[in-house]
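Single-structure report; data block below.
2 protein chains.
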Amino acid sequence: MKNITLIALFVAFAFGSGAPPASAQAAGADSVISHDLMPVPESIEFRRNVRLPVSRDFRIAFANFADERLRAAAQRTIGRLQRKTVLGLTSNSSGPVEGAFLVIETERAGAMPPRLGEDESYLLDVTSERAVLKAPTSTGILRGLETFLQLVRRDSEGFYLPGVEIRDKPRFPWRGLLIDVARHFQPMHVLKRNIDAMAAAKMNVLHWHLTEDQGFRPESKTFPKLHGLGSDGDFYTHEEMREIVDYAAQRGIRVVPEFDMPGHATSWLVGYPELGSAPGPYEIERDPGIFDPTLNPIKEGTYEFLDKFLTEMAGIFPDEYMHIGGDENEGKQWDANEEIQAFMKERGIKDNHELQTYFNKRVLEILKKNNKVMMGWDEIFQPDLPKDVVIHSWRGQEALAEAARQGYFGVLSNGYYIDLIHPASEHYLVDPIPADSTLTADEKKRVLGGEATMWSEWVSPETIDSRIWPRTAAIAERLWSPQNVRDVDDMYRRLEVMSRRLENLGLTHKKNQAMMLRRLVGSDHIGDLDILVDLVEPVKGYRRYQVRPQTMLDPLTGFIDATTPEASVRRRFAAYVSDLLAGRKVPNPENALKVEFYMWESVAEGAPLVIEGRPSLLEIRELPSALESLTEIGRQAVAYYQGEAGPPSGWKEDTLRKIDELAEPKGGVEFVFIDDLKRLVEAAAAEKEPQ
Amino acid sequence: MKNITLIALFVAFAFGSGAPPASAQAAGADSVISHDLMPVPESIEFRRNVRLPVSRDFRIAFANFADERLRAAAQRTIGRLQRKTVLGLTSNSSGPVEGAFLVIETERAGAMPPRLGEDESYLLDVTSERAVLKAPTSTGILRGLETFLQLVRRDSEGFYLPGVEIRDKPRFPWRGLLIDVARHFQPMHVLKRNIDAMAAAKMNVLHWHLTEDQGFRPESKTFPKLHGLGSDGDFYTHEEMREIVDYAAQRGIRVVPEFDMPGHATSWLVGYPELGSAPGPYEIERDPGIFDPTLNPIKEGTYEFLDKFLTEMAGIFPDEYMHIGGDENEGKQWDANEEIQAFMKERGIKDNHELQTYFNKRVLEILKKNNKVMMGWDEIFQPDLPKDVVIHSWRGQEALAEAARQGYFGVLSNGYYIDLIHPASEHYLVDPIPADSTLTADEKKRVLGGEATMWSEWVSPETIDSRIWPRTAAIAERLWSPQNVRDVDDMYRRLEVMSRRLENLGLTHKKNQAMMLRRLVGSDHIGDLDILVDLVEPVKGYRRYQVRPQTMLDPLTGFIDATTPEASVRRRFAAYVSDLLAGRKVPNPENALKVEFYMWESVAEGAPLVIEGRPSLLEIRELPSALESLTEIGRQAVAYYQGEAGPPSGWKEDTLRKIDELAEPKGGVEFVFIDDLKRLVEAAAAEKEPQ
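Residue numbers (numbering that gives the first Met the number 0), protein chains in the order written: chain A, 0 to 690; chain B, 0 to 690.
Written out as structure tokens, the structure is:
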């Protein structure tokens, strides 16, 4: 009970007596021209005091061209507007331009299926009479409709759009999200809702990572043991894959399938061990990591197999590009295989990298025959590839720039590995072409964009949305908006709004958290867990498996899975500390910290009531006591910082050591305020003479 | 802030200082033998002080028979156990009986596809060594696995099953849920998660209501304009229908499709107006209600069409039964059609009921040819039908009994109309064969069971779960458990647990509420709406359309849609009032009412802060002030009830009148405590002499 009083105190502080810090910093000087569009458009000019009210006779009309895709998009727009406004609209069919609320003007259809580099620009003009959305093709209209929906505001008079003129087009033509459906399978409806979210963030490439050591997900009619023995029964039929391709195309999104080879191939070999570089038998891999099973590059049978298989897949995936992976082949099976060694010697292939190049060239022939352009990870890069190949870089901007200099196209993923649980701000500031790039204008054009990568070792259908969104919307903005849009605070302000938009589209990143906590507690009354869960995050990078090992078959329903990659206390506490150390008085950081610590203390006291006696929560049993000690340290540091005298000698070192001990992950989660607490301790010790 | 303090007070009162009233009343005398199984098994005997701990080497073994369906069910059981316990299990494959945690013993497969009347019995025996689940066929095993999962408990030592011997079988062989996917389409994953929920509640018939005036949902390859023009593009392909049939069969659930005819047929006629009894043209109906469009019963073309269409459907739906609707044909098009009138005169058909009988007989021939047994609503009943026909009764037990006396099989839905938003207790006490039934034993056997009916005028994929669950689990218990299991308080105690189990299966009835409130407020901070939403329910019966008219195209995202059919304050307040009036002192009803009123008052004060300025919430703008006045009345009534003197003369009448005024629905919702508040007022006025 006490805790809830304190939360009340906190809420009153944060939302009653002033806006939260991020918002306060980010709010524009003129409230009329502030907006929460995400991604930020290329140019936006508001018409002051102009508003276009949304009324029950809302109607979309086509001034000239319209096709089925466009009509369906308009229909979805109406549905989303209705769900938001709770307005029963009087007309659902389009009609004459005269009297329409939104007029769509375009000359022709965008590419169908969508193509790399097609024109995505649009112009959106809102006056008090109507909104007009113009674009060279229907693809630009799709992008503009998302902006249109984001513009809808409300006040006591009702919903309306502000008068505005927006001219917009993307900075990069390749704005992707990789979803790994191999390590953990994701059902159709999970993919569809994520495609909806991509469209809302103006992303245009779903990179469908379909095969891995841990699972082979596409149905193959030519080689039915691929999915039959390699997927535990969790695979996509031809029809389902076509359905995803069409669903994405309807939203102006390309689908680039990835069939990872020659490594990451265990699941292929379960049914067809004869393709392997070692005799087998093989079983589906259940652990995370990098494994040895590798396709055999010296057998003609391998290429005959790949020819038939990739040709089958080319019939399903119409996109110009096909991704062959190519990453992380450590070549152990090759080293151990005498025939392969003999083949290499015979042909003068001097190392495994060259052998993989040989393999790639053979695969390239197959792709070419199918009119596909090859895409692969950094490892495929070598000088005599055809120039249309796309290098997908997990290594970074420099590797990408080097490829561009040599005339190759590239897509950046280094810096966009959302599975590593870093904050949105880090990804946001990663630019495929940094401001100080020395590339020429032509070379820059070869840097096509980027892709966020949702590797799925630790995500289930229940948690994947929270690992992708809302952070990926920050990456989407980096890839769409002008290079100089880099204000992190403003990004976070808009990201919070975007997150709700995504929830309204059906994404589960917000609502599943409370559900998961209810399951862990076994009650609707989850006590202080809802606050505790927001003080911690999963460990970062590749540490999860080290501190909390699991196989792919184990449940993803622990406390760690209910936490989010970016707890809200992280930025809040950092702002309080920064305010305090900068001597700012408004908002009052001293009070803010007092309330924050009071809340931590109360959670530290209350959480054990929920945790004890619940076996599924015992792994975080030590979190509350650690929190209590950290709270005490925080209070002490503030007191020293503000007091006349500094801390006793040795306090800083002792305290920092103690913090490190208390900060050890428990159940795979760690407190998010550790760095800022240390900053406070350092400052407390630095400001004064020792006692 | 004040409000939250009060809620804290309330929570402390309700959960700290004593169990909530319902639970207190329902708890068994001996805590060892209390259980939360739902439906209650036929017989259950606990072994005292025996526990079977769930550990990481949990494994399911098959003592003799096992087939693919059974293995898949065992795999799902392991997955659900893992998700609940957060345990990474060491073995996922089955192995020898020796050392297995759960041993499954069955002789043979249940019917595939499932059949009406097949043996569903099972025996579950849990000792400290192992659990043994026995059944004559795998269908009983499927039922027993659900019981097995429901038995898992936890304490500070870990998860375990109590020692127990359960013998169980269903009372009725037909335990159905009708889902109307015609008025509002429901995507595949919504159906699948509801099938999962049905299986958890041991239901065994999905009655798939596929066609209506408002939509034609099955794809027809023979007559593609049926779904092509009758569905707005929202239909199920042949493959998808087969997928649902298989998904259900895997869980021991039959799928009975309904193609409603000759009425409720507008959507058929959009593409094929020549089948209608009036010339047309026809458009998909957008309003709720009963409409005139009716198939033409005198044209041979109608039967040729139905022959082809139903034969096509018979190829998809393997169940023995096919439902032809037959309800609510008011015959207006027949009265107005001269050819039909002439046909009736010529053949001596004296009224529309007889004409429909003629129609039914013709359809019956088509069904017979396809080896299907006909099922239809009450209206199809007439004496010379073949005896295997099933009468589906919306009229009630008496109609059902009458059919049984005449030798017909019947299924009850009257009393199970969950779309009418009545509390679970009402449905729970409706028995297909009431205790005072005068039917003979043979006649009773013809009463096959019942079906909950989810008519979908007012449900979207977002809200349908909350309209079906958890209430339908109470109906499922009525149809499965022994007749004398009728303790309403105990049912509610177990229903709360069941509701969380369903959430853990993926149902969205709980988690979507907060999401919908966030959307309405446009913020993560929904203020007092989360409490207000639990003081009200949607209006009952068919009133919703009257007080808040909408078409099928309008959004279901209003405050009314975020409310649940059964707000928790309903039973709580009723218990407080009953305790007070009965003079009970423990738990203290006077304090309870004080805290309750305090909470109402605080919500009445706080809610306007969220509602004002938000156009989508303006329809409930008057709720808070009405709540404030009703709170005042409640306090006054308690004061009079407890004071020396009663209220002044006329107070009762004035107050009851005032309550009625304040109780008027707003935005389609109404307060749930009105009847009990009136009871309090009556008591306050009755107890004393007037002042």
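Beta carbons: idealized from backbone N, C-alpha and C, even for Gly.
Between residue i and residue j, is the Cβ-Cβ spacing less than 8 Å?
i	j	result
aspartate 430 of chain A	arginine 394 of chain A	no
leucine 261 of chain B	leucine 294 of chain B	Residue identity check: residue 261 of chain B is proline in the sequence provided, not leucine. Yes, these two residues count as a Cβ contact at 8 Å.
tyrosine 698 of chain B	threonine 452 of chain B	No answer is possible for residue 698 of chain B: it lies beyond the span of chain B, which begins at 0 and ends at 690.
valine 372 of chain B	glycine 409 of chain B	no
leucine 519 of chain A	arginine 613 of chain A	yes
leucine 309 of chain B	proline 292 of chain B	no
arginine 285 of chain B	leucine 552 of chain B	yes
phenylalanine 596 of chain A	threonine 630 of chain A	yes
lysine 298 of chain A	proline 38 of chain A	no
methionine 170 of chain A	tyrosine 159 of chain A	Going by the sequence as given, residue 170 of chain A is arginine instead of methionine. No, the Cβ-Cβ distance between arginine 170 of chain A and tyrosine 159 of chain A is not below 8 Å.
lysine 608 of chain B	glycine 526 of chain B	The sequence as given places leucine at residue 608 of chain B; lysine does not occur at that position. Yes; because the gap between Cβ atoms is below 8 Å, this pair is in contact.
valine 255 of chain B	valine 204 of chain B	yes
glycine 162 of chain B	alanine 198 of chain B	no
proline 52 of chain A	threonine 146 of chain A	no
Buried or exposed: where does residue i fall if 16 or more other Cβ atoms within 10 Å of its Cβ makes it buried?
i	result
lysine 584 of chain B	exposed
leucine 411 of chain A	buried
alanine 71 of chain B	exposed
aspartate 179 of chain B	buried
alanine 684 of chain B	buried
isoleucine 140 of chain B	buried
glycine 109 of chain B	buried
asparagine 351 of chain A	buried
tyrosine 541 of chain A	exposed
isoleucine 339 of chain A	buried
aspartate 489 of chain A	buried
threonine 439 of chain B	exposed
histidine 524 of chain A	exposed
asparagine 48 of chain B	exposed
lysine 220 of chain B	exposed
asparagine 511 of chain B	buried
alanine 134 of chain A	buried
alanine 638 of chain B	exposed
Would you grab the beta carbon distance between residue i and residue j for me? Rounded to a whole angstrom, and I think it's under 8 Å.
i	j	result
arginine 216 of chain A	alanine 181 of chain A	6 Å
alanine 561 of chain A	glutamine 482 of chain A	With a Cβ gap of about 37 Å, alanine 561 of chain A and glutamine 482 of chain A do not count as contacting.
alanine 573 of chain A	aspartate 533 of chain A	14 Å between Cβ atoms; not a contact.
isoleucine 315 of chain B	arginine 241 of chain B	6 Å
serine 436 of chain A	lysine 444 of chain A	Contact doesn't hold; Cβ gap of about 12 Å is too wide.
leucine 366 of chain B	methionine 321 of chain B	6 Å
For residue i, would you say it is in contact with chain C, using Cβ-to-Cβ distances shorter than 8 Å as the test?
i	result
asparagine 295 of chain B	The chain inventory of the structure shown lacks chain C, comprising the protein chains A and B.
- Message: In chain order, what are the residue ranges of uninterrupted alpha helix (DSSP H) at least 4 long that sit wholly in the segment 376-425 of chain A?
- Response: 396-404
- Taking any Cβ of chain B, which residues in the segment 641-672 of chain A have a Cβ under 9 Å from it, in chain order? none
- Message: Give the list of continuous beta strand (DSSP E) stretches no shorter than 3 residues that lie fully inside the segment 514-547 of chain A.
- Response: 535-537
- Query: Which of the residues in the segment 171-199 of chain B, read from start to end, lie with their CB under 8 Å from any CB of chain A?
  - Reply: Listed by position, the residues of the segment 171-199 of chain B near chain A (Cβ gap below 8 Å) are Pro186, Met187 and His188.
- Item | chain A contacts made by the segment 328-362 of chain B, where a contact means CB separation under 8 Å | none
- Going along the chain, which unbroken runs of the alpha helix (DSSP H) with 4 or more residues stay wholly within the segment 175-225 of chain B? If you keep only unbroken alpha helix (DSSP H) runs of at least 4 residues inside the segment 175-225 of chain B, you get 187-199.
- Query: Any residues in the segment 522-537 of chain A with a beta carbon nearer than 9 Å to a beta carbon of chain B? Which ones, in chain order?
  - Reply: Ser522, Asp523 and His524
- Task: Would you list, in chain order, the members of the segment 539-557 of chain B that have their beta-carbon closer than 7 Å to a beta-carbon of chain A?
- Result: Gln549, Thr550, Leu552, Asp553, Pro554, Thr556 and Gly557
- Looking at chain B, which residues of the segment 147-168 of chain A have a Cβ within less than 9 Å of any of its Cβ atoms? Arg153, Asp154, Ser155, Glu156, Gly157 and Phe158
- Message: At 4 residues or longer, what runs of the alpha helix (DSSP H) sit wholly inside the segment 571-642 of chain B?
- Response: 588-610 and 622-641
- Message: Taking beta-carbon pairs under 7 Å, can you tell me which members of the segment 583-605 of chain B lie near chain A?
- Response: For the segment 583-605 of chain B, the set of residues with a beta-carbon nearer than 7 Å to any beta-carbon of chain A is empty.
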